[in-house]
Amino acid sequence: MDLAAVVVYEILYTIAFLALISAGLAVVFGMMRVVNLAHGEFVLLGGYAAIVSHNTLGINIFVSMLVVAPLAVAVFGVVAERLIIRFLYGRLINTMLATWGLSLAMIGAFTLIFGPTTTSIKAPIGGFAVGDYSLSGYTVFIIASAIGVVLLIFGVLKYTRAGLIARGAMQSADMANAFGYDTSKVYMVTFAAGSALSGLAGGVLAPLVGIGPTAGLLYIAKAFITVISGGASVVSGLIASSGFFGIVSQAVT
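Note that my numbering has the sequence shown beginning at -9, numbered continuously upward.
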């Protein structure tokens, strides 16, 4: 019984991990059809922002993870969208090449600023035991964060005016312009929202996953497979693919 509980716990963590690292890419790719190959570095930026704000500036760890990290990456996302991405909408290959270049530039910047070594942050929640097995209590927070992110995306897209405008602009930019909405700003805000979700993932996962300059390659690979497998639906696709790959991952390990 204890082993079964531990296995279920690990499956839930793997699903939550995949959902968190994929949520930002799901919004950007699912709604905007932009393949952001720098997504992994956006996640890393959130992790670095959380670590620096807590370890160096002394900001509360939960504020660092849940507020500072997503805000920092959202601001960076706005800058990237205004300077690079907005000129490449509808040009898939060019967007991929541009974001790949951005990815390489960010890896170089991370290495220059933080060095080539892996860094982390101490988990704010201790562990607990299930029979003879020791488990991380922080994993519960990871699972809760993933559930919160999925519910937030669903709620915003389905029940808010901003979500309705964003969905309408992505489906028909001409129609949105006809109704008086500035689609350029809609794209910018949507990309910033996806970037913020990436930063949130990096901040929340920083205590469990080592943050290094090249670790983004792991994130983009897993996130891209998860998002592509999920199909066109942002929320249901994210849930289904994260659940499937989470179960498969635990089954083969």
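Ideal Cβ placement from N, Cα and C applies to all residues, glycine included.
Thinking C-beta only, is Val58 closer than 8 Å to Gly206?
What you label residue 206 is simply residue 216 of the sequence shown in a count that begins at 1. What you label residue 58 is simply residue 68 of the sequence shown in a count that begins at 1. Not a contact, by the Cβ cut-off of 8 Å.
Own chain partners of Leu92 with C-beta closer than 7 Å, once the 5 adjacent residues on each side are dropped
Working through the sequence shown from its first residue, we reach residue 92 at position 102. Excluding sequence neighbours, Leu92 sits near Ala28, Ala70 and Ile74.
Helix, strand or coil at Leu142 [DSSP, three-state]
Taking the sequence shown and counting its residues from 1, one reaches residue 142 at position 152. It is helical.
In whole angstroms, what is the alpha-carbon distance linking Tyr(-1) and Ala241?
Within the sequence shown, the letter at position 9 stands for residue -1. Within the sequence shown, the letter at position 251 stands for residue 241. Here the C-alpha atom of Tyr(-1) lies approximately 13 Å from the C-alpha atom of Ala241.
Starting from Phe104, trace the alpha helix (DSSP H) in both directions and tell me its first and last residue.
Numbered from its first residue, the sequence shown carries residue 104 at position 114. Leu82 to Phe104 is the extent of the alpha helix (DSSP H) around Phe104.
Within the continuous alpha helix (DSSP H) that includes Gly158, where are the two ends?
Against the sequence shown, residue 158 aligns to sequence position 168. Run containing Gly158: Arg151 to Gln161, per the alpha helix (DSSP H) assignment.
Throw me the rounded Cβ distance for the Ser126 and Ala196 pair, which I believe falls under 8 Å.
Translated into positions along the sequence shown, residue 126 becomes position 136. Translated into positions along the sequence shown, residue 196 becomes position 206. Under the criterion of beta carbons closer than 8 Å, Ser126 and Ala196 do not qualify as touching, at roughly 14 Å.
Determine the burial state of Pro149: buried for a count of at least 16 other Cβ atoms within 10 Å of its Cβ, exposed for fewer.
Mapped onto the sequence shown, residue 149 falls at position 159. Correcting the residue identity first, residue 149 is Tyr in this sequence and not Pro. Exposed is the label assigned to Tyr149, since fewer than 16 other Cβ atoms lie within 10 Å of its Cβ.
Looking only at C-alpha atoms, which of Val194, Phe66, Asp172 and Tyr79 sits nearest to Met21?
Within the sequence shown, numbered from 1, the residue matching residue 21 stands at position 31. Nearest in C-alpha terms to Met21, of all of Val194, Phe66, Asp172 and Tyr79, is Tyr79.
Compare the beta carbon distance of Leu35 and Ala62 with 8 Å and say whether it is the shorter of the two.
The residue labelled residue 35 in the question sits at position 45 within the sequence shown. The residue labelled residue 62 in the question sits at position 72 within the sequence shown. The answer is yes: Cβ separation under 8 Å.
Residues near Val217 by beta carbon distance below 8 Å, same chain, minus five either side:
Within the sequence shown, numbered from 1, the residue matching residue 217 stands at position 227. Apart from the 5 residues on each side of it in sequence, Val217 sits with its Cβ closer than 8 Å to the Cβ of Ser12, Leu15, Ala16, Phe19, Gly20, Gly227, Leu228 and Ser231 in its chain, given in chain order.
Span of the alpha helix (DSSP H) around Thr180
Locating residue 180 in the sequence shown gives position 190, counting from the first residue. Run containing Thr180: Thr173 to Leu195, per the alpha helix (DSSP H) assignment.
With Lys212 and Leu8 assumed to form a contact (beta carbons below 8 Å), what rounded beta-carbon distance in angstroms separates them?
One-based indexing of the sequence shown puts residue 212 at position 222. One-based indexing of the sequence shown puts residue 8 at position 18. Indeed they touch by this definition, with Cβ atoms about 6 Å apart.
Kindly give me the distance between the Cβ atoms of Gly189 and Ala64, rounded to whole angstroms, as I take these residues to be in contact under 8 Å.
Reading the sequence shown from its first residue, position 199 is the one you call residue 189. Reading the sequence shown from its first residue, position 74 is the one you call residue 64. Contact between Gly189 and Ala64 holds: their C-beta atoms lie close to 7 Å from each other, under 8 Å.
Inter-residue spacing [alpha-carbon to alpha-carbon] between Thr108 and Thr129
For this step, residue 108 is matched to residue 118 along the sequence shown. For this step, residue 129 is matched to residue 139 along the sequence shown. Whole-angstrom Cα-Cα distance: 21 Å.
Take Leu198 as the anchor and find which of Ala(-6), Ala(-5) and Thr4 has the nearest alpha-carbon.
Residue numbering aside, residue 198 sits at position 208 when the sequence shown is read from its first letter. For the residues Ala(-6), Ala(-5) and Thr4, the minimum Cα distance to Leu198 belongs to Thr4.
In angstroms with no decimal places, state the Cα-to-Cα distance between Thr85 and Val25.
Mapped onto the sequence shown, residue 85 falls at position 95. Mapped onto the sequence shown, residue 25 falls at position 35. Approximately 7 Å between the Cα atoms of the pair.
What are the start and end residues of the alpha helix (DSSP H) that includes Ala213?
For this step, residue 213 is matched to residue 223 along the sequence shown. Start and end: Gly206 to Gly220.
According to the neighbour-count rule (16 or more other Cβ atoms, all chains shown, within 10 Å of its Cβ), is Val238 buried or exposed?
In the sequence shown, residue 238 corresponds to position 248, counting from 1. Taking all protein chains shown into account, Val238 has fewer than 16 neighbouring C-beta atoms within 10 Å of its C-beta and is therefore exposed.
Are the CB atoms of Phe100 and Pro203 nearer to each other than 8 Å?
Along the sequence shown, read from residue 1 onward, the residue named residue 100 stands at position 110. Along the sequence shown, read from residue 1 onward, the residue named residue 203 stands at position 213. Going by C-beta atoms, Phe100 is nearer than 8 Å to Pro203.
Span separating the alpha-carbon of Ala(-5) from that of Phe118
The count along the sequence shown starts at 1 and reaches residue -5 at position 5. The count along the sequence shown starts at 1 and reaches residue 118 at position 128. Those two C-alpha atoms are separated by around 13 Å.
Residue range of the alpha helix (DSSP H) that includes Arg72
Counting from one through the sequence shown, the residue named residue 72 turns up at place 82. Where Arg72 is concerned, the enclosing alpha helix (DSSP H) stretches over Ala59 to Leu73.
Considering only C-alpha positions, which residue in the set Tyr171, Arg157, Ala168 and Gly193 is nearest to Val42?
Here the question's residue 42 lines up with position 52 in the sequence shown. Taking only the C-alpha atoms, the option nearest Val42 is Gly193.
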